[in-house]
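K.L.:
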Amino acid sequence: MTQKTNLGPFLSDELPSDSRHSRQLVRRQMIAEAVMAEGSMRIEDLTERFGISLMTAHRDVDELVGRGLFRKTRGIVSAAATSLIESSDVYRANRQPAEKKMIAAAAMQFIEPGQAIFLDDSTTVLQMAAHLPAKVPLTAITNSLTLMNALKGMHDVTLLALGGQYHNWCNAFMGRMTINEINRLRADVAFISMSAITDDIVFHQSPEIVDIKRAMYDCAAKRILLADHTKFERRALHSFAALSEFDVVIVDEKTSAAHVDRMRTANINVVVARGDEDRS
143 MTQKTNLGPF LSDELPSDSR HSRQLVRRQM IAEAVMAEGS MRIEDLTERF
193 GISLMTAHRD VDELVGRGLF RKTRGIVSAA ATSLIESSDV YRANRQPAEK
243 KMIAAAAMQF IEPGQAIFLD DSTTVLQMAA HLPAKVPLTA ITNSLTLMNA
293 LKGMHDVTLL ALGGQYHNWC NAFMGRMTIN EINRLRADVA FISMSAITDD
343 IVFHQSPEIV DIKRAMYDCA AKRILLADHT KFERRALHSF AALSEFDVVI
393 VDEKTSAAHV DRMRTANINV VVARGDEDRS
């Protein structure tokens with residue numbers, strides 16, 4: 143069964159009294175869900191599916207691109223990541239949600255009350271937010287606006303929000319200002335997730351994001367990588383670090399035994415996150 147994409151926070155305009163505008167918002171929601179489900183679509187195919195003109199299709203797509211949900215090139219609208227371009231956080235949040243939740247739950251064993259922790263802007267690390275109340279008091283440091291909103295009212299969690307230049311596609315702050323703020327801090331643990339793992343090296347499409355994560359990595363006493371099984375099937379351009387440089391690598395139970403065995407043979411500290419009844 144295809145999981146319905148949750149676009150509420152990003153297409154949450156209140157329906158106006160103008161019925162034409164209402165239909166436009168509903169149509170854009172449907173277009174967004176279709177592209178999220180397919181990964182990429184030809185804009186001409188959108189005209190056929192939704193019975194709209196090519197001009198209207200381009201206008202709707204341009205609005206969604208402006209919100210950071212998609213990219214548009216040569217008549218194709220895409221949500222899925224490539225080796226050069228990362229997908230939006232909305233698209234990523236709806237991929238492997240069960241695995242990400244298991245990994246996030248397993249990551250909590252590496253947090254102790256009273257610690258300061260870096261949380262990056264990844265959708266896997268985002269899943270840790272729901273578990274943090276069990277480990278308070280904590281100081282949480284993040285550049286993710288999504289995480290800031292999740293943590294801002296949390297009792298006994300001191301939130302340090304990293305500023306900088308805002309990027310709509312990942313709903314996070316990046317750039318030199320962000321890095322400078324990180325460099326002035328020292329945290330106990332950094333929780334990091336990346337786009338791809340190739341030859342036991344982690345990669346990301348965005349050099350700006352690599353710089354932010356590297357700053358968090360360098361300013362933490364312990365570094366933990368969160369990676370679901372699909373990361374071993376992807377490629378990205380910019381290298382970040384070898385798996386052996388992390389203190390812990392947490393993967394999900396769908397990660398192939400060959401990958402897990404190879405990492406453990408290389409003395410990489412691998413934790414396989416499992417369901418509630420059998421979590422390692």
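So the sequence shown is numbered by my numbering: it starts at 143 and just counts up by one. The beta-carbon is built from N, C-alpha and C at its ideal position, and this holds for glycine as well.
State buried or exposed for A400, treating a residue as buried only when at least 16 other CB atoms are found within 10 Å of its CB.
P.N.:
exposed
K.L.:
Based on Cα-Cα distance, which residue from D202, T215, R406, F260 lies nearest to N325?
P.N.:
If we check each option's Cα against that of N325, F260 comes out closest.
K.L.:
In three-state terms, what does DSSP make of T372?
P.N.:
helix
K.L.:
Do you know offhand how far P349's Cα is from S161's?
P.N.:
Distance between the alpha carbons of P349 and S161: 44 Å.
K.L.:
Should L132 and V331 be called a contact, given that it needs their Cβ atoms to be closer than 9 Å?
P.N.:
In the structure displayed, the chain extends from 143 to 422; residue 132 sits before or after that span and is not available.
K.L.:
Is the beta carbon of S182 closer than 9 Å to that of V207?
P.N.:
no
K.L.:
Check this for me: beta carbons of N322 and L287, under 9 Å apart or not?
P.N.:
no
K.L.:
Is the beta carbon of V390 closer than 9 Å to that of M405?
P.N.:
no
K.L.:
Alpha carbons only, please: which of A338, K355, I339, H297 is nearest the one belonging to T320?
P.N.:
Nearest to T320 by C-alpha distance, out of A338, K355, I339, H297, is K355.
K.L.:
Within the same chain, show all residues whose beta-carbon is closer than 7 Å to that of A200, passing over the 5 residues directly before and after it, in chain order.
P.N.:
It should be pointed out that residue 200 corresponds to His in this sequence rather than to Ala. Cβ within range, chain order: I185.
K.L.:
Check for me: the alpha helix (DSSP H) holding R213 runs from which residue to which?
P.N.:
Not the alpha helix (DSSP H): R213 falls in the beta strand (DSSP E), residues 213 to 215.
K.L.:
Determine whether the beta carbon atoms of I173 and D204 lie at a separation below 9 Å.
P.N.:
no
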